[in-house]
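J.: For reference, the structure I am asking about is given below.
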DNA sequence: TCTAATCATCGTAATATTGCGATGAAGCAA
DNA sequence: TTGCTTCATCGCAATATTACGATGATTAGA
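Protein chains in written order, with full-length UniProt numbering: chain F, 1 to 110; chain E, 1 to 110.
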């Protein structure tokens, strides 16, 4: 069906999955890494930096924006994107908690 | 196209995106959380625990196994799954590094 | 052996994602 | 205004994902 039965899961599970999904594409990873590296938030440079067409970049930027990970500011004819610190910190915390929940030394009964 | 141009990204970017993708579904989050909680690795209980059909659970388990996050051991007629500590630690490290790369105090030029 | 239980795989339907060309919207410069 | 630049959106094609019924494979127990 391609449709996720999100109603049978908790809000937290859906939120965590949504966070992962926002970063579950190499182009979006690359965009985030570039934004971190360039600090000063750049935009259309991404089209040259990555080898993807402009509409495709725009689409990925929009998904990152929908996820709250980045914010864009109109700067004349161009748009300046940068990371949204609050959501970034939230992601870091919640995803970190997921991984921290497993204590590696717990012995598996298998 | 639904096809990702993975050849234009670095191995690291593709690997990170793959990690995120493995956890980019609430059912898989729920499975992982249940495995952590139950510690002793359980299997078919997931079919009752989550509200999904058995083939669907099996499919998600297979994706987690392909990602290396879990391992399954045949136990008579049932199969016992548990978290694979090595890959789990690797995920934790690499994803943690991605988030840690951004210093929230960096001021955006926007 | 026969049966029940448990899980994986196959096949299919519905929907989502990815990518891009074409086109629009908005600003700046002449 | 006209033209140029920059970005977003639309619409499409190709592929991927999600879910499940049906069916197989394997094992335990009667």
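We put the CB at the ideal spot given by N, CA and C, even for glycine.
Model, not experiment: these values are computed from the prediction.
Would you kindly report the start and end of the unbroken alpha helix (DSSP H) that includes residue 79 of chain F?
T.: Residue 79 of chain F: not part of any alpha helix (DSSP H); member of the beta strand (DSSP E) spanning 78–83, first to last residue.
J.: Could you tell me which chain F residues have their CB closer than 8 Å to the CB of residue 65 of chain E, listed as they occur along the chain?
T.: Under the 8 Å cutoff, chain F gives no residues; its nearest Cβ is about 13 Å from residue 65 of chain E.
J.: Quick check on the DSSP output: the alpha helix (DSSP H) that includes residue 8 of chain F runs from which residue to which?
T.: Neither: residue 8 of chain F is in no alpha helix (DSSP H) and is coded neither H nor E.
J.: Decide if the stretch 11–18 of chain E is in contact with the stretch 42–51 of chain E; the criterion is three or more beta carbon pairs, one per stretch, under 8 Å apart.
T.: no
J.: Using C-beta distances below 7 Å, list every residue in its chain close to residue 52 of chain E, excluding the 5 sequence neighbours before and after it, in chain order.
T.: 27
J.: In angstroms, rounded to a whole number, what distance separates the CA positions of residue 32 of chain E and residue 100 of chain E?
T.: Cα to Cα, the separation comes out at about 23 Å.
J.: So, does the CB of residue 113 of chain E fall closer than 8 Å to a CB anywhere in chain F?
T.: Not covered by the structure: residue 113 of chain E. The range shown for chain E is 1 to 110.
J.: State yes or no: is the C-beta of residue 80 of chain F within less than 8 Å of the C-beta of residue 43 of chain F?
T.: yes
J.: Is it true that the stretch 57–68 of chain E meets the stretch 74–94 of chain F, where meeting means three or more beta-carbon pairs spaced less than 8 Å apart?
T.: no
J.: Does DSSP put residue 36 of chain F in a helix, a strand or coil?
T.: helix
J.: Here's a check: name, in chain order, each residue in its chain whose Cβ is nearer than 8 Å to the Cβ of residue 84 of chain E, leaving out the five neighbours to either side.
T.: 68, 69, 70 and 71
J.: Go through its chain and collect everything with a Cβ distance to residue 82 of chain E's Cβ below 7 Å, but skip five positions before and after it.
T.: 35, 41, 70 and 71
J.: Can you give me the C-alpha to C-alpha distance between residue 117 of chain E and residue 30 of chain F, rounded to a whole angstrom?
T.: For chain E, the structure presents residues 1 to 110; residue 117 of chain E sits outside this window and is missing.
J.: Considering only their Cβ atoms, is the gap separating residue 20 of chain F from residue 94 of chain F smaller than 8 Å?
T.: Between residue 94 of chain F and residue 20 of chain F, the C-beta spacing is not below 8 Å.
J.: Select from F/98, F/54, F/97 and F/96 the residue whose C-alpha is nearest the C-alpha of residue 78 of chain F.
T.: With distances taken between Cα atoms, residue 78 of chain F lies closest to F/54.
J.: Give the straight-line distance between the Cα atoms of residue 98 of chain E and residue 1 of chain F, rounded to the nearest whole angstrom.
T.: 33 Å
J.: Please report how far the alpha carbon of residue 5 of chain F lies from the alpha carbon of residue 76 of chain F, in whole angstroms.
T.: Residue 5 of chain F and residue 76 of chain F have their C-alpha atoms some 42 Å from each other.
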